[in-house]
Amino acid sequence: MPGNAADWPVWSMTARVVVTEPQHLERAVEITRLVLDEVDAACSRFRADSELARLSEDLPNGVEVSGMLAVLVREALHSAEITDGDVDPTLGNELASLGYDRDIALVADRSFGLTVTRVAIVPGWRRVLLDGRRLTVPSDLALDLGATAKAFAADLAAARVVAELPTGVLVSLGGDIATAGESPAGGWVVLVQDLPADPRATVTLAAGFALATSSTQKRQWTRAGERMHHILDPRLGRPAEPVWRSATVSARSCVEANTVSTACIVRGHRALELVRDRGLPARLVDREARVVTLGGWPAEAGTEGVAQ
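Residue numbers for the sequence shown, in the working numbering: 458 to 765.
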């Protein structure tokens with residue numbers, strides 16, 4: 458495995474590992490693959506043998522879950538709490554009803570129509586109980602931990618690499634990037650661009666910082682002639698209005714960055730208030746490809762800057 462970077466396909470995206478010490482790349486990739494396997498086995502919505510799927514019938518009565526599944530649920534509930542429910546991990550049924558009931562690479566366009574309404578006095582995430590490792594999920598809800606689980610996997614893989622190996626590392630899972638250990642001289646240089654035709658920027662991540670991009674342009678499918686995407690507005694149970702093509706946020710952890718970037722998509726025009734309240738660098742691209750930057754995100758004119 459020559460060089461200091463490796464890429465491979467996973468979860469209908471590209472995983473990438475970059476190390477500062479090339480001799481440790483192969484082991485860093487092995488560690489990252491093991492983390493991805495652990496997370497997938499714990500919470501995949503598309504595997505009948507995942508822990509979450511196998512325990513689904515027992516969850517309404519409460520059941521002891523693995524440490525990995527417990528921490529994934531805990532992270533997801535925390536993300537819901539800090540975004541006032543904008544990032545809700547209980548939308549599995551709604552996603553399946555809209556047609557996203559298998560890996561996105563296998564989702565077929567569908568001609569039938571379906572009206573999805575989500576009316577709840579108490580938001581779904583507030584009805585999920587996690588006491589230690591005992592998890593209770595009401596029978597009318599289904600967990601979808603995809604967004605936070607992917608970001609958590611990036612954070613965990615990076616942390617495990619530096620815990621075992623004397624190298625700095627960057628782990629990228631689609632639009633979710635985590636770093637750990639020492640950075641290369643000058644920092645981690647990252648291209649920020651959702652689709653090839655979108656405006657692009659190059660930023661530099663300081664050691665230990667993370668970056669996440671949420672998009673309404675990827676993970677799309679068609680139902681009854683209507684274009685769908687995978688980020689739902691929890692209050693409606695339908696795809697959030699695509700005010701933004703993409704939202705990119707930098708934070709200390711990939712989970713925090715992903716939580717805020719996803720909430721930006723859900724909130725639409727109200728995203729600016731959220732980013733200001735969180736005090737994080739952010740770059741939003743609207744449906745006309747106009748760029749809005751906040752929180753100290755570097756100026757776009759020269760396309761170079763530091764996000765930290």
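From the three backbone atoms N, C-alpha and C, an ideal C-beta is built for every residue, glycine too.
What are the start and end residues of the alpha helix (DSSP H) that includes residue i?
{"i": "residue 552", "result": "549-554"}
{"i": "residue 492", "result": "482-500"}
{"i": "residue 530", "result": "524-539"}
{"i": "residue 509", "result": "508-511"}
Which residue from the options puts its Cα closest to that of residue i?
{"i": "residue 482", "options": "690, 614, 508", "result": "614"}
{"i": "residue 744", "options": "751, 688, 689, 672", "result": "672"}
{"i": "residue 742", "options": "652, 494, 688", "result": "652"}
{"i": "residue 609", "options": "549, 636, 484, 586", "result": "636"}
{"i": "residue 503", "options": "530, 619, 550, 695", "result": "550"}
Apply the 10 Å Cβ neighbour rule to residue i and answer buried if 16 or more other Cβ atoms are within range, or exposed otherwise.
{"i": "residue 460", "result": "exposed"}
{"i": "residue 601", "result": "buried"}
{"i": "residue 754", "result": "buried"}
{"i": "residue 464", "result": "exposed"}
{"i": "residue 625", "result": "buried"}
{"i": "residue 511", "result": "exposed"}
{"i": "residue 736", "result": "exposed"}
{"i": "residue 524", "result": "exposed"}
{"i": "residue 646", "result": "exposed"}
For the beta strand (DSSP E) that residue i lies in, which residues bound it at each end?
{"i": "residue 751", "result": "748-751"}
{"i": "residue 546", "result": "Per DSSP, residue 546 belongs to no beta strand (DSSP E) and is neither H nor E."}
{"i": "residue 645", "result": "645-649"}
{"i": "residue 473", "result": "470-476"}
{"i": "residue 766", "result": "Because the chain spans 458 through 765 in this model, residue 766 falls outside it and cannot be assessed."}
Any Cβ of chain B within less than 8 Å of the Cβ of residue i?
{"i": "residue 614", "result": "The structure shown contains no chain B; it is built from a single protein chain."}
Are there three or more Cβ pairs, one per stretch, closer than 8 Å when the stretch 696-713 is compared with the stretch 658-674? yes
Hey, is the stretch 587-598 in contact with the stretch 509-519, meaning 3+ C-beta pairs nearer than 8 Å? yes
Quick check for students: name the residue ranges of the beta strand (DSSP E) that lie wholly in the stretch 581-640, counting only runs of 3 or more. 586-588, 591-593, 626-630, 633-637
So does the stretch 707-720 actually touch the stretch 540-549, counting three or more Cβ pairs closer than 8 Å? yes
Unbroken stretches of the beta strand (DSSP E), 3 residues or longer, contained in the stretch 658-741: 658-662, 667-672, 677-680, 683-686, 701-708
Is it true that the stretch 468-481 meets the stretch 629-648, where meeting means three or more beta-carbon pairs spaced less than 8 Å apart? yes
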